[in-house]
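Trainee:
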Amino acid sequence: MNEHMSSASPSSADFGKDKSSFDTKAIWRTFWILLGITVFELIIAIIYYETHFFPKHILNGVFVIMTLAKAFFIVAEFMHLGHEIKNLVMTIAIPACLFIWFLIAFMWDGSSYHELRMRYDKYQYEQSKTKVKPVEHKEEGKKQGVE
Amino acid sequence: MAHTVPVGQKWWSGGRSPFNVEYGKLMMWYFLMSDAFTFGAFLISYGTIRFSSSSWPNPNEVFRSFPVIGEMSVPLAFVSLMTFILIMSSVTMVMAVGAGQAQDKKAVIKWMFLTILGGLAFLGCQAWEWTHLHSEGAWWGRNPFMNIDGTQSSTNFTNFFFTITGFHGFHVFSGVIINIIMLIKTWRGDFERTGHYLMIEKAGLYWHFVDLVWVFVFTCFYLL
């Protein structure tokens with residue numbers, strides 16, 4: 001070991017004293033973005049519930065995009081990953097891409113199960129067409145004295 | 148955005164940390180990675196079952212209660228409050244990390260304390276929600292809510308709801324315990340003696356991850 005090596009070798013104390021990278025303003029900006037997106041999601045969810053104004057699957061697409069946006073801001077700003085070295089970012093981002101396959105494969109499977117059930121399972125098919133009487137679950141809670 | 152490695156700099160020839168983060172922090176990232184896949188597997192199995200069902204209960208009907216106001220129907224209001232509490236506690240956690248980097252012990256104690264309060268408030272809200280749903284007859288294996296199209300629902304809805312929010316709640320609980328330990332260590336001056344507050348940063352990463360998972364749980368159970 002030469003002198004240069006030992007002086008350059010990292011110890012815990014070298015990290016975590018980096019005042020320059022901490023930006024309070026950026027944190028609050030992230031907070032307002034997250035809050036804004038959540039409030040917007042709620043507003044359109046409630047508008048849909050009251051009026052059924054737009055098709056549900058378009059709405060779901062909007063929710064998924066907004067969720068991914070929120071996830072990005074939490075990981076990049078709160079967890080500080082956006083300010084780390086690119087190599088580190090990639091060791092997190094590349095494995096996370098497995099989720100793309102994971103989602104497509106399993107959602108595809110789910111809708112395939114559904115199709116098969118509706119075609120070959122008479123009981124399931126009839127159940128999916130039979131309306132049931134609404135249950136008054138509020139009353140039960142009152143009798144037990146729990147609210 | 149991310150830093151790129153300067154040209155000509157030998158990051159992999161030893162003598163420096165190639166990722167420019169402390170070992171423990173890097174390992175926390177990889178732990179969170181594995182935890183993300185655990186949660187991912189739960190949520191994706193929920194998605195598969197939901198795709199295979201012809202209908203599903205309406206979250207606006209199921210989650211429409213709020214403490215104190217009784218029978219009044221306020222769809223999603225309570226869960227929005229829970230979301231707000233968790234985002235807020237994430238902000239106080241970042242502030243604790245910032246205070247740690249500035250070696251400001253008093254500020255670290257203050258922000259960690261607020262973060263713990265936020266975590267406890269979230270757990271309290273979840274306890275109320277579970278109790279309320281239980282009083283309506285919902286539990287593992289019991290589902291009193293019918294499907295949105297008026298057909299008979301299965302117990303898949305409640306099974307997944309209680310399992311996944313329960314698993315998330317357990318993460319919040321362990322996060323609160325970790326934060327309490329960090330608060331005690333800060334208060335005793337352990338980090339002052341070692342000269343850095345990196346443990347606060349690692350606890351912070353875990354805490355933000357809990358917030359991150361909630362974002363997905365919120366979308367999957369309450370919005371979709």
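Protein chains in written order, with this note's numbering: chain A, 1 to 147; chain B, 148 to 371. For every residue, glycine included, the Cβ atom is placed at its ideal position computed from N, Cα and C. These figures come from a predicted structure and were not determined experimentally.
1. Please confirm whether Y113(A) has its beta-carbon closer than 8 Å to some beta-carbon of chain B.
2. Any contact of the segment 213-230 of chain B with the segment 181-195 of chain B, i.e. 3+ C-beta pairs under 8 Å?
3. Compare the C-beta of H315(B) against all C-beta atoms of chain A and say whether one is closer than 8 Å.
4. How should Y353(B) be labelled, buried or exposed, when 16 other C-beta atoms within 10 angstroms of its C-beta is the threshold for buried?
5. Please name the residue or residues paired with W286(B) in a DSSP beta bridge.
6. Can you tell me where the alpha helix (DSSP H) holding D182(B) begins and where it ends?
7. Could you tell me the alpha carbon to alpha carbon distance between S6(A) and F15(A), rounded to whole angstroms?
8. Listing by chain order, which chain A residues have their CB less than 7 Å from the CB of L370(B)?
9. Listing by chain order, which chain A residues have their CB less than 8 Å from the CB of D358(B)?
10. Can you tell me whether DSSP reads K131(A) as helix, strand or coil?
11. Check for me: the alpha helix (DSSP H) holding F308(B) runs from which residue to which?
12. Which runs of the alpha helix (DSSP H), 4 residues or longer, sit entirely within the segment 209-289 of chain B?
13. Between F22(A) and chain B, is the shortest Cβ-Cβ distance under 8 Å, so that the two count as touching?
14. Do S200(B) and H114(A) come within 8 Å of each other at the CB atom, strictly closer than that value?
15. If I follow the unbroken alpha helix (DSSP H) through K56(A), where does it start and stop?
16. Quick check on P165(B): does DSSP put it in helix, strand or coil?
17. Looking at the structure shown, is I44(A) part of a helix, part of a strand, or coil, going by DSSP?
18. Alpha carbon to alpha carbon, what distance is there between A243(B) and L88(A)?
19. I'd like to check one pair, I295(B) with A268(B): are the Cβ atoms closer than 8 Å?
20. Given K172(B), which residues of its chain have a CB within under 8 Å of its CB, disregarding the five upstream and five downstream residues?
21. For W32(A), which option in V64(A), R117(A) and E77(A) has the closest C-alpha, if you only look at C-alpha atoms?
22. From F397(B) to G266(B), what does the alpha carbon distance come to, in whole angstroms?
23. Residues of chain B with CB under 8 Å from K122(A), in chain order?
24. Excluding five sequence neighbours on each side, which residues of the same chain lie with their C-beta closer than 7 Å to the C-beta of E41(A)?
25. So if DSSP puts N294(B) in a beta bridge, which residue, or which two residues, is it bridged to?
26. For S160(B), which three-state DSSP category applies?
27. Determine whether the beta carbon atoms of T312(B) and A285(B) lie at a separation below 8 Å.
28. Exposed or buried, N2(A), counting other C-beta atoms within 10 Å across all chains shown (16 or more means buried)?
Mentor: Quick answer:
1. Taking the first sequence and counting its residues from 1, one reaches residue 113(A) at position 113. Answer yes: the Cβ-Cβ gap between Y113(A) and chain B drops below 8 Å somewhere.
2. no
3. Indexing the second sequence from 1 puts residue 315(B) at position 168. False, the Cβ-Cβ gap to chain A never drops below 8 Å.
4. Translated into positions along the second sequence, residue 353(B) becomes position 206. When all chains shown are included, Y353(B) counts as buried.
5. Translated into positions along the second sequence, residue 286(B) becomes position 139. Per DSSP, R289(B).
6. For the purposes of this step, residue 182(B) is identified with residue 35 of the second sequence, where counting begins at 1. Taken as a continuous stretch (DSSP letters only), the alpha helix (DSSP H) holding D182(B) covers Y170 to S199.
7. Here residue 6(A) corresponds to residue number 6 of the first sequence, with the count starting at 1. Here residue 15(A) corresponds to residue number 15 of the first sequence, with the count starting at 1. Note on S6(A): pLDDT 40, under 50, position unreliable in the model; the coordinate value appears next. About 16 Å.
8. As a position in the second sequence, residue 370(B) is number 223, starting the count at 1. Under the 7 Å cutoff, chain A gives E41, A45 and F63.
9. Walking along the second sequence from the start, residue 358(B) turns up at place 211. Simply I74 and F78.
10. Position 131 of the first sequence, counted from the first residue, corresponds to residue 131(A). Reduced to three states, the DSSP call for K131(A) is strand.
11. Taking the first residue of the second sequence as position 1, residue 308(B) is located at position 161. Per DSSP, F308(B) belongs to the alpha helix (DSSP H) from N303 to R335.
12. 224-248 and 252-282
13. Position 22 of the first sequence, counting from 1, holds the residue named residue 22(A). Yes - at least one Cβ of chain B is within 8 Å of the one on F22(A).
14. By 1-based counting over the first sequence, the position of residue 114(A) is 114. By 1-based counting over the second sequence, the position of residue 200(B) is 53. Yes. Within cutoff.
15. On the first sequence, position 56 is the one that residue 56(A) refers to. K56 to F73 is the extent of the alpha helix (DSSP H) around K56(A).
16. By 1-based counting over the second sequence, the position of residue 165(B) is 18. The answer is coil: DSSP assigns P165(B) none of H, G, I, E or B.
17. Start at 1 with the first residue of the first sequence, and residue 44(A) comes out as number 44. Here I44(A) sits in helix by DSSP.
18. Here residue 88(A) refers to the residue found at position 88 when the first sequence is read from its first residue. Here residue 243(B) refers to the residue found at position 96 when the second sequence is read from its first residue. Those two C-alpha atoms are separated by around 23 Å.
19. Along the second sequence, read from residue 1 onward, the residue named residue 268(B) stands at position 121. Along the second sequence, read from residue 1 onward, the residue named residue 295(B) stands at position 148. Their beta carbons are not under 8 Å apart, which means A268(B) does not touch I295(B) by this criterion.
20. Residue numbering aside, residue 172(B) sits at position 25 when the second sequence is read from its first letter. Excluding sequence neighbours, K172(B) sits near L345, E348, K349 and L352.
21. Residue mapping note: residue 32(A) aligns to position 32 of the first sequence, counting from 1. Taking only the C-alpha atoms, the option nearest W32(A) is E77(A).
22. The requested residue 397(B) does not occur in the structure, where chain B is confined to residues 148 to 371.
23. Sequence index remark: in the first sequence, residue 122(A) carries index 122 (1-based). Per Cβ cutoff of 8 Å: no residues; K122(A) is ~13 Å from chain B at best.
24. For the purposes of this step, residue 41(A) is taken as residue 41 along the first sequence, with counting starting at 1. Here the set comprises F63 and M66.
25. Start at 1 with the first residue of the second sequence, and residue 294(B) comes out as number 147. P204(B), per the DSSP bridge assignment.
26. One-based indexing of the second sequence puts residue 160(B) at position 13. Correct three-state label for S160(B): coil.
27. Walking along the second sequence from the start, residue 312(B) turns up at place 165. Walking along the second sequence from the start, residue 285(B) turns up at place 138. The answer is no: Cβ separation not under 8 Å.
28. The sequence position of residue 2(A) within the first sequence is 2, counting from 1. Since pLDDT at N2(A) reaches only 40, below the 50 mark, its modelled position is unreliable, and no value is offered.
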